[in-house]
Every structure is written in C-alpha cells, then in structure tokens.
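Top line first, the protein sequences correspond to chains S and D. So the first sequence is numbered by our numbering: it starts at 1 and just counts up by one. So the second sequence is numbered by our numbering: it starts at 1001 and just counts up by one. Notes to accompany the following structure.
Protein chains: 2
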Amino acid sequence: MRAIHRAAIEVLKEGGYGGLTIEKIASRAGVGRQTIYRWWPSKADVVLDAMNASAEENVVADDLAGFVRATYTDRGAARMLSGLMAEAQLDPDFAKRFRAAFLDRRREILIEIAAKELPPGVDLEVVADMVFGPLWYLMLTRPELLDVSYAENVLAAISGIEKLPKAESPRSPD
Amino acid sequence: MRAIHRAAIEVLKEGGYGGLTIEKIASRAGVGRQTIYRWWPSKADVVLDAMNASAEENVVADDLAGFVRATYTDRGAARMLSGLMAEAQLDPDFAKRFRAAFLDRRREILIEIAAKELPPGVDLEVVADMVFGPLWYLMLTRPELLDVSYAENVLAAISGIEKLPKAESPRSPD
DNA sequence: AAGATTTCGAGACATAACGCCTCGAATTAT
DNA sequence: ATAATTCGAGGCGTTATGTCTCGAAATCTT
Chain S
1 MRAIHRAAIE VLKEGGYGGL TIEKIASRAG VGRQTIYRWW PSKADVVLDA
51 MNASAEENVV ADDLAGFVRA TYTDRGAARM LSGLMAEAQL DPDFAKRFRA
101 AFLDRRREIL IEIAAKELPP GVDLEVVADM VFGPLWYLML TRPELLDVSY
151 AENVLAAISG IEKLPKAESP RSPD
Chain D
1001 MRAIHRAAIE VLKEGGYGGL TIEKIASRAG VGRQTIYRWW PSKADVVLDA
1051 MNASAEENVV ADDLAGFVRA TYTDRGAARM LSGLMAEAQL DPDFAKRFRA
1101 AFLDRRREIL IEIAAKELPP GVDLEVVADM VFGPLWYLML TRPELLDVSY
1151 AENVLAAISG IEKLPKAESP RSPD
C-alpha cells in the first residue's frame, strides 16, 4: 500500500490531479485496479491517505511562526491539496472525509498552538481563518506565490488582530 | 443562450456542480448538445458566463465595507464559484480563463476601492488576500458560515492591517 | 412571397474512465 | 504438502465526453 501511495503521488506530479486515474495509479504501482478499490472508496482517498502518511513522517513546528512558515512553503503538499479540495467540491461524501481527516485536524493544531502564544481575548477562530484562508486562496489560484515572505505577511496581519477586541457577535456553531 | 444560462444554474442548484453535465443543461434548455459545444469550450465556461452575466445586472457597492459585505453574503454565487474553482484545479486551460474573467477582475475592483479609502502605505495586495482568502476558504469548506457577521470580522482584521507598516520585502510580480 | 442559406435540435458514434465481477497464479497459513 | 486466501489481470456494462450527420426550422436574399 506504500507502493500505491508513491504511485499516486508520482502520477499526480506528472499529469496534475486532472490527469490522475485509478488505472494509472494501479499500473504504476504494479497492482490490479481491484486492489485499490478494495482499500479506498475513490482516488481522492488514496491521495488523502498519501498526504497524511507523509505528513506523519515530518515533525511539525510547535510554535505559531514555525507552523505558518512550514505550512506556506510545503510545495509538494500544495499540489495534492488543491486536487483534494477540488474533489471535495464535486463529491460531498469525500468532502466530509477530507474535513475530518485533514482540514479539521490542521485547524485544531493551529488553534492549540495559537492559544498558548496569543493573549487571551483573541478570537482564535478568526486567527485560524486568517491563516488558512489566504493559504488556500494562494494554493488554488497562484501557488507560485507561496513562499516565506508570504508567510511573514500573514504573521504580520495576525499581530494586527491581536490588538483588536474580540468580535461582539458570536459566530454560529459548526 | 440566456435559456442555457438559466438551465445551467437550475441544474446546478438541484444536483450540485458534481451532478452537472452538458446533457442535462441541453435537455433542460430544450437545446441540442452541439449548440452548447458551439459556443462554450466546457460546461465550466457556461457557468462562468452565467455568473458574469448575472453579476452585470447587480450593481456592486463602491465602498470597501459594502463590497466586502456584499461579497460575503452572495449565497447564489458561492454555489457556482466553488464548482468553478474545483474545475480550475482539474483543467489548467479553464483556470486561465477563470482568472482572467473573474478572479483578476474582482481583485482589481477591490484594490481600486481600497486605494481610495485606506491610508497610503498599506499594502493593497495583502488587503486583497485578507479579503478573498477567508472568503474562498469559507466558500469551499464551510459555506454555511458565510454571513454578514463574518464580513465584519474580515473588516476588523483589515483595520488591523492599516496600522501596520508595509512589508519590507517586495512580493514577486504576478 | 419563394427559394436559398444558415442555424439548430436530435441522435448516432467512438473514446475514456468508472466500478464490478471473474479467473488463474502467487502467497500465506495449516 | 496441501488447503485457503490474496491479488494481478482483464472483461463487461454504464456514463459522460466530444465529434459528426441529418433533417427541420429559422433567417436572409431578391
């Protein structure tokens, strides 16, 4: 199954997410299609698993600046993630799995880190949106702009939020 | 062709972008498939045209707060846009058209408005990313949270940026 | 108004990918 | 060594795509 992960990532790099098919992953991995269908409900889930598997190998920064910089400079992840986000728009079932297995996880990690560093009273949900919002916007529309200096812009904007009072109107629950 | 626009939007509302096909648009519009292929290179371009056509009818706000509030509360547009953004990830050619015909336009409008209101020295590119970033992030992952109070959060964050010096490192050109 | 030209709805056709099913070989367990 | 399971390979029906063709309707010409 590690071979299937690697095959998926290779095919993705070569033809982009749009050119990814189960057949190509299978033949690249030297595996029958049925073997893939046996373990994953869709090709997007294969890529999602591959993402998370490689993410577990890399230790993640545990301070806010490090987290933001690392997140904004992971080009390999960006290519996979833009495809997964696209798939999530087309397949509502996959969207749930994507949120649970990736989006929500990352958000929780960020909020946990931010809670330790930022003064009390800062709305951490807003901070999360200000970090992940521009990140996704860049990944999806101008991924070539993703770099450290962009991360610094985001960190600067957050330090601007710190100085603002928490919004008075509560946000609707998830 | 107006009938085709309407048909596309109707089918989109009923089955989501994932359930949208040329065949469904054609039969709903009482039109042959070939007629659609004659005028648009893909179904995404049909939806993009429909979006822009309906946008031209609505007059857009010409102050920053109005623009942000209007943008964050247009639920009908959100459904179309998430599908178009997905398509742009899968089809690089469409991605170019989507940027030119929508993303870049909206960005230019925002920057023009912001330039009049915000003090000189504010990095308008960063402002644009702080407006559109969270907007897209919400549209794509939790569209049910899009509302006026969210727009106010974004406006508050921007007023935080105003008070910061412009980033010293210039951004790479588009 | 009548005939020529174009536009268009409808449907046939080939292609590509999906998801399912089957079979024979290889692997694993007993 | 033999039985049981797993797996690669490939066939099959389905669905959507994009191209092509035809006959009818609409438009233009004179």
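Where a beta carbon is used, it is the ideal one built from N, C-alpha and C, also for glycine.
Selected residue, minimal CA-CA separation from residue i, among the options
i                : options                                        : result
leucine 124(S)   : Asn1153(D), Val1148(D), Thr1141(D)             : Asn1153(D)
valine 148(S)    : Ser159(S), Ala70(S), Phe98(S), Ile9(S)         : Ala70(S)
glycine 132(S)   : Pro143(S), Ala26(S), Arg106(S), Arg33(S)       : Inspection of the sequence shows that residue 132(S) is occupied by phenylalanine rather than by glycine. The shortest C-alpha separation from phenylalanine 132(S) is found at Arg106(S).
alanine 86(S)    : Gly121(S), Thr141(S), Asp49(S)                 : Thr141(S)
glycine 1018(D)  : Gln1034(D), Arg1079(D), His1005(D)             : Arg1079(D)
arginine 97(S)   : Ala55(S), Pro41(S), Leu135(S), Ala77(S)        : Pro41(S)
aspartate 45(S)  : Val68(S), Val60(S), Asp62(S), Ile25(S)         : Ile25(S)
glycine 1016(D)  : Asp1093(D), Ser1027(D), Val1047(D), Thr1035(D) : Val1047(D)
leucine 1012(D)  : Glu1056(D), Leu1081(D), Ala1061(D), Leu1138(D) : Leu1081(D)
aspartate 104(S) : Glu1010(D), Tyr1137(D), Glu1057(D)             : Tyr1137(D)
aspartate 91(S)  : Glu1010(D), Ile1009(D), His1005(D), Leu1020(D) : Leu1020(D)
proline 143(S)   : Glu14(S), Glu108(S), Arg75(S), Val126(S)       : Arg75(S)
Beta-carbon separation (whole angstroms), residue i vs residue j, contact threshold 8 Å
i                  : j                 : result
glutamate 1162(D)  : leucine 1118(D)   : 6 Å
alanine 157(S)     : alanine 1157(D)   : 7 Å
methionine 1130(D) : methionine 130(S) : 7 Å
histidine 1005(D)  : aspartate 1049(D) : 7 Å
Beta-carbon neighbours of residue i, restricted to chain S and to distances below 7 Å
i                     : result
aspartate 1093(D)     : Near aspartate 1093(D) there are no residues of chain S at all, since even the closest Cβ is about 10 Å away, more than 7 Å.
phenylalanine 1192(D) : With chain D covering 1001 to 1174 only, the question about residue 1192(D) has no answer from this structure.
8 Å Cβ cut-off: residues of chain S touching residue i
i                : result
arginine 1099(D) : Thr141
alanine 1157(D)  : Val126, Met130, Ala157, Gly160, Ile161, Leu164
Contacts around residue i, its chain only, beta-carbon distance under 7 Å, and the 5 residues preceding and following it disregarded
i                : result
leucine 182(S)   : Lying before the first or after the last residue shown, residue 182(S) is absent from chain S, which here runs from 1 to 174.
glycine 160(S)   : none
proline 173(S)   : With a pLDDT of 46 at proline 173(S), under the threshold of 50, the modelled position of that residue is not reliable, and no figure is offered here.
leucine 135(S)   : Thr71, Tyr72
tryptophan 39(S) : Met1
glycine 155(S)   : The question names glycine, but residue 155(S) is leucine in the sequence shown. Closer than 7 Å at Cβ, skipping near neighbours: Ala65, Val68.
glutamate 23(S)  : Arg33
alanine 1088(D)  : Phe1094, Ala1095, Phe1098
glutamate 10(S)  : Arg28
Where residue i meets chain D, residues with beta-carbon distance less than 7 Å
i              : result
leucine 118(S) : The contacting residues do not exist; leucine 118(S) stays about 13 Å from chain D at best.
leucine 90(S)  : Tyr1017, Gly1018, Ala1086
proline 134(S) : Asp1129, Met1130, Gly1133
Cut-off 8 Å between Cβ atoms - residues of its own chain near residue i, not counting five sequence neighbours on either side
i                 : result
alanine 3(S)      : Ala29, Gly30, Val31
threonine 1073(D) : Leu1146, Asp1147, Val1148, Ala1151
serine 51(S)      : It should be pointed out that residue 51(S) corresponds to methionine in this sequence rather than to serine. The residues are Ala77, Met80, Leu81, Leu84, Phe102.
Under 9 Å from the C-beta of residue i: neighbouring residues of chain S
i               : result
alanine 1029(D) : Chain S residues near alanine 1029(D): none, gap ~22 Å exceeds 9 Å.
Nonlocal neighbours in the same chain, by C-beta distance under 6 Å from residue i, ignoring five residues either side
i               : result
valine 1122(D)  : Glu1162
alanine 7(S)    : Ile25, Arg28, Ala29
alanine 1128(D) : Arg1107, Leu1110, Ile1111
Residue i: contacting residues in chain D (beta-carbon distance under 8 Å)
i             : result
glycine 83(S) : Gln1089, Leu1090
Interface partners of residue i on chain D, CB under 9 Å
i               : result
tyrosine 137(S) : Asp1129, Phe1132, Gly1133, Pro1134, Leu1135, Trp1136, Tyr1137
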